[in-house]
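Input: a single structure, listed below in structure tokens.
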Amino acid sequence: MKKSLRLGAVLATAAIATMALVSCSSGGSSSSSTSGVKSIKVVIAEYSSATKPFWTAFAAKYKATTGITMNLQIISWTDINQASSTMIQTGNLPDILNENSYASYAADGLLYDSSQVLPAATKADIIPAFVQSGTVNGKFYGMPDLSSARAMFYNKDLFKQAGIAAPPTTWDEFVADAKKVQALGGGNVGYAQPLGPEEAQAEFAIWLFNNGGAFKQGNKWVINSPANVKTLQFMKDLSVKYGVTQNNPGATNRTDGAFALFAQGKAGMVVGFSPLSGTLDKAKTVNYGIAPMPSGDGKAPQTYGVTDYLMSFKKPGNQAAISAFYKLYYSPDQINTWIKAENFLPATTSGLKVFQSDPALASLKVYLDTLPNAHLTPTDDPEWDKVKLTLQQTLGLAVAPNGDPQKYLDNLQAQAVAGK
Amino acid sequence: MNQVIASGQPGKGLGASRTLAPGLPNGEAAAPGSGAAPARRKRRRNDHSAASIGVALLWLGPVLILIFGVVIYPAIALLIASFGTFSITGLYRGFAGFTNYVNLLASPDLGQVMWNTFVWVAAVVILTNLIALGLAQFLSKEFFGRRFVRWAVIIPWAAALVMTSQLFRLMFDYYHGIINQMLLGLHIISKPVDWLGSSTFIMPTMIAVGIFVTLPFTAYLFVAGLNAIPSDVYEAARIDGASPWQTYRAITLPLLRPAILIAVVLNMIYVFNSFPLIYIMNGSNPGYGNDTMITYMYKVAFQGATHDVGMSAATGIFNVIVILIAVGIYLRFTNWRQGDQS
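Protein chains in written order, with my numbering: chain A, 98 to 517; chain B, 12 to 353.
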């Protein structure tokens, strides 16, 4: 009798404890299901040290305008995917999420589209190429928060030492120039090539766009097209055949590998973007120039553009709060302030005009002029999310000395077509 | 304090219950005494033990909540997740049966990953224990500056593993790492070694760092074990004329056996589950060629093209089974019950 009483007490305590935990994990911010929410949860990726000050000020402004509290979470880029995945798994959805992909969330029916939450005037202001990349089946889900474009950075001092007059415009010139820089010795490398897991897909994308390649044509995947295979073979040859890259490009990440070498003045060229300019201008260690990408097919240089997204999740009663969020975010003094602080590029047509007319931002001209025509990766296809992850994790293996570009891209094409 | 119970003063229940155990002999001693007093005392004792369930629960509550929250609930959640289908976003899509387990066992990377895990655990545990045996002998001797050396040995253990791994990643870097520069400067190597990027060197490099961070705990376990060996046993050996090596083999090692058993079992589990070290040092390598089961589990869930929480959960369950089997085999081979008794 006494024993069973004790057991009962223990079980009761256990049950209470478990239930308390369950309710903790699934409770979260889903406050009221009636007319309007009192607070929204906004999860933002950390681009730099400028991210937190901006969003903290933004939250205060949002509260002052709407009376709704904005619970801000800033998460580093390396962790945000895991964090968002966990939130969705536990049913603890954010209201706004800042990520570099959105199509899988849209495919799962979790997101509002623009007709539900975005004022029409705001939508009209977003650069059309980005509206298109944020649209799945005619519905605009992925609202761009900012954009960036890639270009070729070159070290003017190393070019001078190597006797190179102007940055290369074709792939042949590129190889020749890289060889000259590599021949300088002293640990200098011709081209810093990051094909490790961090951003391998971006490095591949910019080279293939400049060789007439693409990931998708219309509705069809063309990952193993001849132009793409030729591009990957060329990227492999840079290290294996010509020997003009740093050691082991397949195991080199962008930030702590390729960019670090360039920032130390040890690399002749690297594919960079405007935040790299920001870092280099602050450090003042490298005398660098920015040029369009060299072309592999004899055509004009192509720009590779990237946007990240602010997507909004369907939760009872949060529609008006989200609409107010977008309205405030896309107001020129908010979005442009932030993008300038982060050294990125605008996502709106009005922002583009502001940036183009600002003499302090003259160095961005090379990107701004090409931005509306930039090539983007097919972020509007949920399948791309998996293709991208495969490229990031394994592209480095295809450019190793024993790698096989043709076979690698054949496999990837099969994966994308099969949809798994 | 015992008098509180013996004298039967009311109104001090809480204080009395705390001294219940020491009070027991008193109560028993008083039991043969006659009259109403013992009966009353007996009932009071029952009151006390009844109260002590509630009080015990009060005291155990936080621990119970912790155990259920941190151990049992996540374990159940993991098991449930391993039988679920999840979208790439993490959204639960329904029951999957054994699909996740089948996918895991059919994965082309699993063989290499399991082999890596075996090499990693075996090398780190065996080498750590061998080095720690020597180090413990050294640390248990009296010498000038012993306190300083003991501190120096424990610091790698006290530092956060993420920090240590990041530091070693910098030290082993191909271009800027201090290790390559030192070896080049001493003319031991003629060109830099790709410690972290080449498939030949990455595993030995990780194992070296693994030993470095596992050593302090193991060495201190052995120091404690050595201190527990009574000195008269050594004295007897010396009188019998045993050589130092004979003494070590016939006395020190057998008496250290319990400590070695504990060190090996704990290290097996600890090294098997070591995540930050491999994740960080292997961070810029493509593919799964240098991953262990733990980092593989993470990549399956969040980084690889699978991006599958369900399959990752199945890997987690698989890992628990693998490490239980490994520890079981070890304990069986070493006849742990015997070790327990000695």
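Here a beta-carbon is modelled for each residue, glycine too, at the ideal position from N, C-alpha and C.
Classify residue i as buried or exposed, calling it buried when 16 or more other Cβ atoms lie within 10 Å of its own Cβ.
i: S323/B; result: buried
i: A270/B; result: buried
i: E246/B; result: exposed
i: K381/A; result: exposed
i: L582/A; result: For residue 582/A there is no data in the structure shown, the boundaries of chain A being 98 and 517.
i: A359/B; result: No information on residue 359/B is available, as it lies outside the stretch 12 to 353 that chain B covers here.
i: L141/B; result: exposed
i: F155/B; result: exposed
i: H198/B; result: exposed
i: D455/A; result: exposed
i: T476/A; result: buried
Under 7 Å, Cβ to Cβ, is there at least one residue of chain B near residue i?
i: N350/A; result: yes
i: G178/A; result: In the sequence under discussion, the amino acid at residue 178/A is Asn, which differs from the Gly named in the question. Yes, because at least one Cβ of chain B sits closer than 7 Å to the Cβ of N178/A.
i: S182/A; result: yes
i: Y339/A; result: no
i: Y202/A; result: yes
i: I387/A; result: no
i: N508/A; result: no
i: N345/A; result: yes
i: D205/A; result: yes
i: S126/A; result: Its pLDDT being 40, under 50, S126/A is placed unreliably by the model, and the measurement read from it follows with that caveat. It does not: the Cβ of S126/A has no partner Cβ on chain B nearer than 7 Å.
i: G191/A; result: What sits at residue 191/A in the sequence shown is Pro, not Gly. It does not; no Cβ of chain B falls within 7 Å.
i: Q503/A; result: no
i: P294/A; result: yes
i: V514/A; result: no
i: Y406/A; result: no
i: I172/A; result: no
i: Q186/A; result: yes
From the beta carbon of residue i, is the nearest beta carbon of chain A less than 7 Å away?
i: A316/B; result: yes
i: I334/B; result: no
i: P215/B; result: no
i: S63/B; result: no
i: S45/B; result: Since pLDDT at S45/B reaches only 43, below the 50 mark, its modelled position is unreliable, and no value is offered.
i: F183/B; result: no
i: V220/B; result: no
i: N140/B; result: no
i: G298/B; result: yes
i: A171/B; result: no
i: D120/B; result: no
i: S201/B; result: no
i: S93/B; result: no
i: S210/B; result: no
i: S295/B; result: yes
Hey, quick one: how far does the alpha helix (DSSP H) through residue i stretch, first residue to last?
i: S173/A; result: Element bounds for S173/A: not the alpha helix (DSSP H) but the beta strand (DSSP E), T166 to S173.
i: A219/B; result: I213 to N238
i: I273/B; result: L264 to F283
i: P323/A; result: P323 to V337
i: R249/B; result: S242 to I250
i: G315/B; result: Unbroken run through G315/B: none, as it is neither H nor E.
i: A324/B; result: V320 to T345
i: F179/B; result: L172 to M182
i: K220/A; result: A217 to D222
Which residues bound the beta strand (DSSP E) around residue i?
i: N195/A; result: I193 to E196
i: N252/A; result: A248 to N252
i: I128/B; result: Checking the sequence shown, residue 128/B turns out to be Thr, not Ile. It is not in any beta strand (DSSP E) - T128/B instead sits in the alpha helix (DSSP H) that spans L121 to L150.
i: A388/A; result: Y385 to A388
i: G402/A; result: G402 to S409
Flag this pair as touching only if the region 258-276 of chain A and the region 333-350 of chain A have three or more C-beta atom pairs under 8 Å; answer yes or no.
-> Output reads yes: the region 333-350 of chain A touches the region 258-276 of chain A.
Would you check if there are 3 or more beta carbon pairs closer than 8 Å linking the region 175-185 of chain B to the region 265-276 of chain B?
-> With contact defined as three or more Cβ pairs closer than 8 Å, the region 175-185 of chain B and the region 265-276 of chain B are not in contact.
Cβ contact check for the region 92-111 of chain B and the region 286-306 of chain B: 3 or more pairs under 8 Å = Touching, no.
Against chain A: residues of the region 232-260 of chain B by CB proximity under 9 Å = Taking 9 Å as the Cβ-Cβ cut-off against chain A, none of the residues of the region 232-260 of chain B qualify.
Decide if the region 192-199 of chain A is in contact with the region 417-424 of chain A; the criterion is three or more beta carbon pairs, one per stretch, under 8 Å apart.
-> With the cut-off at 8 Å, the region 192-199 of chain A and the region 417-424 of chain A touch.
Contacting positions in the region 478-497 of chain A - beta carbon closer than 7 Å to chain B | Taking 7 Å as the upper bound on Cβ-Cβ separation, chain B lies near residues D482, K483, L486, T487, Q490, T491, L492, G493 and L494 of the region 478-497 of chain A.
Check distances from the C-beta atoms of the region 95-118 of chain B to those of chain A and list, in chain order, the residues that come in under 8 Å.
-> Interface annotation for the region 95-118 of chain B against chain A: F97, S98, I99, T100, G101, L102 and Y103, criterion Cβ-Cβ distance under 8 Å.
Between the region 145-165 of chain A and the region 203-213 of chain A, are three or more C-beta pairs nearer than 8 Å?
-> Contact between the region 145-165 of chain A and the region 203-213 of chain A is absent: fewer than 3 CB-CB pairs across the two stretches fall below 8 Å.
Taking one C-beta from the region 421-440 of chain A and one from the region 226-236 of chain A each time, how about it: are there three or more such pairs within less than 8 Å?
-> Between the region 421-440 of chain A and the region 226-236 of chain A, the count of Cβ pairs shorter than 8 Å is below three; the stretches do not touch.
Taking one C-beta from the region 304-321 of chain B and one from the region 486-501 of chain A each time, how about it: are there three or more such pairs within less than 8 Å?
-> Yes, since at least three Cβ pairs between the region 304-321 of chain B and the region 486-501 of chain A fall closer than 8 Å, the two stretches touch.
Using a Cβ-Cβ cut-off of less than 9 Å, give me the residues of the region 300-332 of chain B that come near chain A, in sequence order.
-> Residues of the region 300-332 of chain B with a C-beta atom less than 9 Å from some C-beta of chain A are G300, Y309, K310, A312, F313, Q314, G315, A316, T317, H318 and V320, listed in chain order.
Stretch-stretch touch, CB-based, cutoff 8 Å, three pairs: the region 252-261 of chain B with the region 218-230 of chain B = Under the 8 Å Cβ criterion, the region 252-261 of chain B does not count as touching the region 218-230 of chain B, having fewer than three qualifying pairs.
Between the region 295-306 of chain B and the region 493-500 of chain A, do three or more beta carbon pairs fall short of 8 Å?
-> With the cut-off at 8 Å, the region 295-306 of chain B and the region 493-500 of chain A touch.
Counting Cβ pairs closer than 8 Å, one from the region 362-375 of chain A and one from the region 506-515 of chain A, do we hit at least three?
-> Under the 8 Å Cβ criterion, the region 362-375 of chain A does not count as touching the region 506-515 of chain A, having fewer than three qualifying pairs.
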